[in-house]
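Everything below concerns the one structure shown next.
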Amino acid sequence: MVSFELSDEQKMVQETVNSFAADQMEPLMRECDEQNSIPEEVISKGWELGLLGGCIPEEYEGFGEELSTVTGLIALEELAWGDLSMALHLMAPSVLAISVLDQGTEEQKKQILPAFCGEEFKAASSALVEPYYNFCPSALRTTAVNDGDEYVINGKKCLVPLAQESENMLVFAATAPGMGFAGVDAFIIPVSTKGVKVGEREKNMGIKALATYPVTFKDCRVPAASRLGGEAGCDFLRLLSRSRLALAALAVGMSRRALEHSRDYATQRIAFGEPIGSRQAIAFMIAEMAIEVDATRLLAWEAAWRCDRNIDFEKEAALAKNYAADMAMMVCDRGVQIMGGHGYVRDNPVELWFRNARGFAAFEGFVMV
1 MVSFELSDEQ
11 KMVQETVNSF
21 AADQMEPLMR
31 ECDEQNSIPE
41 EVISKGWELG
51 LLGGCIPEEY
61 EGFGEELSTV
71 TGLIALEELA
81 WGDLSMALHL
91 MAPSVLAISV
101 LDQGTEEQKK
111 QILPAFCGEE
121 FKAASSALVE
131 PYYNFCPSAL
141 RTTAVNDGDE
151 YVINGKKCLV
161 PLAQESENML
171 VFAATAPGMG
181 FAGVDAFIIP
191 VSTKGVKVGE
201 REKNMGIKAL
211 ATYPVTFKDC
221 RVPAASRLGG
231 EAGCDFLRLL
241 SRSRLALAAL
251 AVGMSRRALE
261 HSRDYATQRI
271 AFGEPIGSRQ
281 AIAFMIAEMA
291 IEVDATRLLA
301 WEAAWRCDRN
311 IDFEKEAALA
321 KNYAADMAMM
331 VCDRGVQIMG
341 GHGYVRDNPV
351 ELWFRNARGF
361 AAFEGFVMV
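Taking our numbering, the leading residue of the sequence shown gets 1, the next gets one more, and so forth.
Next up, the structure:
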């Protein structure tokens, strides 16, 4: 039976991360967006929460016992409540780390995971999205061709977070084109590998504080041992579904903050002698925003609950992520409307949330839970 009551541990995680988000992230949200950067101090303090290290078992120098997807969603929601760009920066290494933890060989786990359990933030990247209008995760144009004890990788990626400062990145490529999700594998590739070229930082509409880059692979040769899961390869759809759940949780967190801001404004803004929130047109919008936020959270939690019990969850994860993308746009757009003309002013955070929300339709593989 599904229980909606959080455990004591989950409540502690929720309270701890929310406190950090309120004290350290939200006050700097606008400054980071304007300056296109995040203070290292904030990332360091966020890393000290141990959200990623707490997922990694002690045998790999972590301090976690098990990987709880539901608990991960709770933490991600609170991070995004503080700021989406900072949350994505802080958790970008999770794609490599959790993919290796979930499906890597024993050698890959011992080689990769300890780096994410130290006191200092360890940047790592992932490359999935490609710069084509018809990009589809199950039909990647980036290819990995087997050549003896090596794979030769060719292709282009975009929206690769932290590519310039990362030591390793997890690159998704087609090993069997035309086979759909079953024909996609992941490779652990050092950014310094010959044939890997990181381009200039991209200029994005939203998540401006998160550094993303285009990356080109030209005749990039990597050892066969760098293939995630070894000879058996990986279950790409499972990894993608974990990423989709993480993105859904982030959308819930950011949208929840937009809802709270809009609700408070409607309560305090007086027009014609009464709060604008007392008017049905505004009240109904806020009610619909609240419904959508809670509905998305429950969709994601259901999929996470299934994942934690090794029940097929791929369909549920896809539903949650797609619903979350629409929900975030609707909630943040309503927020702008409730503010009236002031919602279009950059001093008001709703315009920032609106720009960030537009990206959820394009985000794939940015973070993992």
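Backbone N, C-alpha and C fix where the C-beta goes; we use that ideal spot for every residue, glycine too.
Since this is a predicted model, take the numbers as computed values, not measurements.
Straight-line gap, residue i to residue j (C-alpha atoms, nearest Å)
i	j	result
R227	E167	17 Å
A249	F121	22 Å
E165	L49	21 Å
V145	D185	11 Å
G148	F172	20 Å
V331	Q111	43 Å
N322	F354	17 Å
G195	A163	14 Å
S94	A75	13 Å
D33	G206	8 Å
K218	A290	47 Å
A124	Q35	22 Å
A258	E106	43 Å
C158	P131	6 Å
G273	P349	26 Å
G62	E9	17 Å
R238	E314	7 Å
D83	A209	10 Å
N154	K197	11 Å
L410	I56	Residue numbering for the chain in the displayed model covers 1 to 369; residue 410 lies beyond these limits and cannot be assessed.
E92	L73	Note that residue 92 corresponds to Ala in the displayed sequence, not to Glu. Spanning the two alpha carbons is a distance of roughly 15 Å.
Cβ pair residue i, residue j closer than 7 Å
i	j	result
T212	P275	no
A320	A295	no
A357	M329	yes
V129	E364	yes
Proximity test, Cβ basis, 7 Å: residue i and chain D
i	result
G46	This model lacks chain D altogether; it includes just one protein chain.
Whole-number beta carbon distance between residue j and residue i, since they are thought to touch under 8 Å
i	j	result
R242	M368	5 Å
D308	T69	5 Å
M169	A225	About 16 Å; that fails the 8 Å criterion.
E288	R221	Incorrect: roughly 53 Å between the Cβ atoms, too far for contact.
A139	F116	That pair is no contact at about 31 Å.
T267	G253	Contact flag wrong, Cβ pair sits at about 22 Å.
F360	L88	Actually they do not touch by this definition, with Cβ atoms about 11 Å apart.
L51	V42	Not a contact, Cβ separation roughly 14 Å.
Coil, strand or helix - residue i by DSSP
i	result
P27	helix
M169	strand
K110	helix
I38	coil
E150	strand
Y133	coil
R221	strand
V17	helix
S192	coil
R141	coil
G155	strand
R358	helix
A92	coil
E78	helix
V331	helix
D312	coil
Residue i classed as buried or exposed, judged by whether at least 16 other C-beta atoms fall within 10 angstroms
i	result
F20	buried
Q103	buried
N134	exposed
K109	buried
S44	exposed
D333	buried
S192	exposed
P137	buried
G214	The question names Gly, but residue 214 is Pro in the sequence shown. Looking at its Cβ environment, which holds 16 or more other Cβ atoms inside 10 Å, P214 is buried.
A232	exposed
Y60	buried
V345	exposed
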